[in-house]
Amino acid sequence: MSLLSEYMKKEQLLKQLSEELQQLEKDQRLTTELEFKEKLEALMKEYDKTPAAVIEMLDPQPDSRPAAASQATTGGRRKRKLKIYKNPNTGEVVETRGGNQKTLKAWKDQYGNDTVESWLVRVED
Numbered sequence: 001m002s003l004l005s006e007y008m009k010k011e012q013l014l015k016q017l018s019e020e021l022q023q024l025e026k027d028q029r030l031t032t033e034l035e036f037k038e039k040l041e042a043l044m045k046e047y048d049k050t051p052a053a054v055i056e057m058l059d060p061q062p063d064s065r066p067a068a069a070s071q072a073t074t075g076g077r078r079k080r081k082l083k084i085y086k087n088p089n090t091g092e093v094v095e096t097r098g099g100n101q102k103t104l105k106a107w108k109d110q111y112g113n114d115t116v117e118s119w120l121v122r123v124e125d
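Those letters in the sequence shown? Residues 1 to 125, by UniProt numbering.
Following this line, the structure appears as structure tokens:
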């Protein structure tokens, strides 16, 4: 990539980010959150509290819980994300939470991993 094309690409990206920033600045939710943050920081300074101390006050978590008990309550491993692939050649759709799905493996053998990964339609929790 030439230096000029890299410059133009970065300039375009800067313009896009600038527009997105302007949109965010116009959003009332952002101004409300910024106002809340400023008031909270002023209150923390007034009472000489750190963010960690405030979090501990609002959400105390006892350290006496054994690690095994906390893992059992959460159900062990976290659930994998659902990946949905669509083969553009056949229109066939595959939904999988792991890489060992039979059809997906066959596609990867036939078309290659990168090609099949480009067929990813969406990822869901």
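Glycine included, C-beta positions come from ideal geometry on N, C-alpha and C.
All figures in this text were calculated on a predicted structure; none of them were measured in a lab.
**Prompt:** Hey, quick one: how far does the alpha helix (DSSP H) through Tyr85 stretch, first residue to last?
**Reply:** Residue mapping note: residue 85 aligns to position 85 of the sequence shown, counting from 1. Bounds of any alpha helix (DSSP H) do not take in Tyr85; it lies within the beta strand (DSSP E) bounded by 82-86.
**Identity of the residue in Tyr85, Gly91, Asp125, Val93 nearest Asn113 by Cα** = In the sequence shown, residue 113 corresponds to position 113, counting from 1. The candidate whose alpha carbon is nearest that of Asn113 is Tyr85.
**Exposed unless 16 or more other CB atoms sit within 10 angstroms - verdict on Val93** = Within the sequence shown, residue 93 is the residue found at index 93, counting from 1. Burial call: exposed.
**Ser2 versus Leu17 - alpha carbon distance** = As a first step, residue 2 is located in the sequence shown; it is residue number 2 there, counting from the start. As a first step, residue 17 is located in the sequence shown; it is residue number 17 there, counting from the start. Cα atoms of Ser2 and Leu17: separation of roughly 23 Å, rounded to the nearest angstrom.
**Val123, buried or exposed, once every other Cβ within 10 Å from all chains shown has been counted against 16** = For the purposes of this step, residue 123 is taken as the residue at position 123 of the sequence shown. So Val123 counts as exposed.
**Asked** Where DSSP assigns a beta bridge to Arg122, which residues make up the other side?
**Response** Position 122 of the sequence shown, counted from the first residue, corresponds to residue 122. For Arg122, the pairing in a beta bridge is given by DSSP as Ile84.
**Message:** Taking its Cβ as the centre, do 16 or more other Cβ atoms sit within 10 Å of Val116, making it buried, or is it exposed?
**Reply:** In the sequence shown, the residue the question calls residue 116 occupies position 116. Buried: at least 16 other Cβ atoms inside 10 Å.
**Asked** Where does Thr103 sit, in a helix, a strand or coil, going by DSSP?
**Response** For the purposes of this step, residue 103 is taken as residue 103 along the sequence shown, with counting starting at 1. In this structure, Thr103 counts as helix in the three-state DSSP scheme.
**Request:** Please classify Glu6: does DSSP put it in a helix, a strand, or coil?
**Result:** For this step, residue 6 is matched to residue 6 along the sequence shown. DSSP places Glu6 in the helix class (H, G or I) of the three-state scheme.
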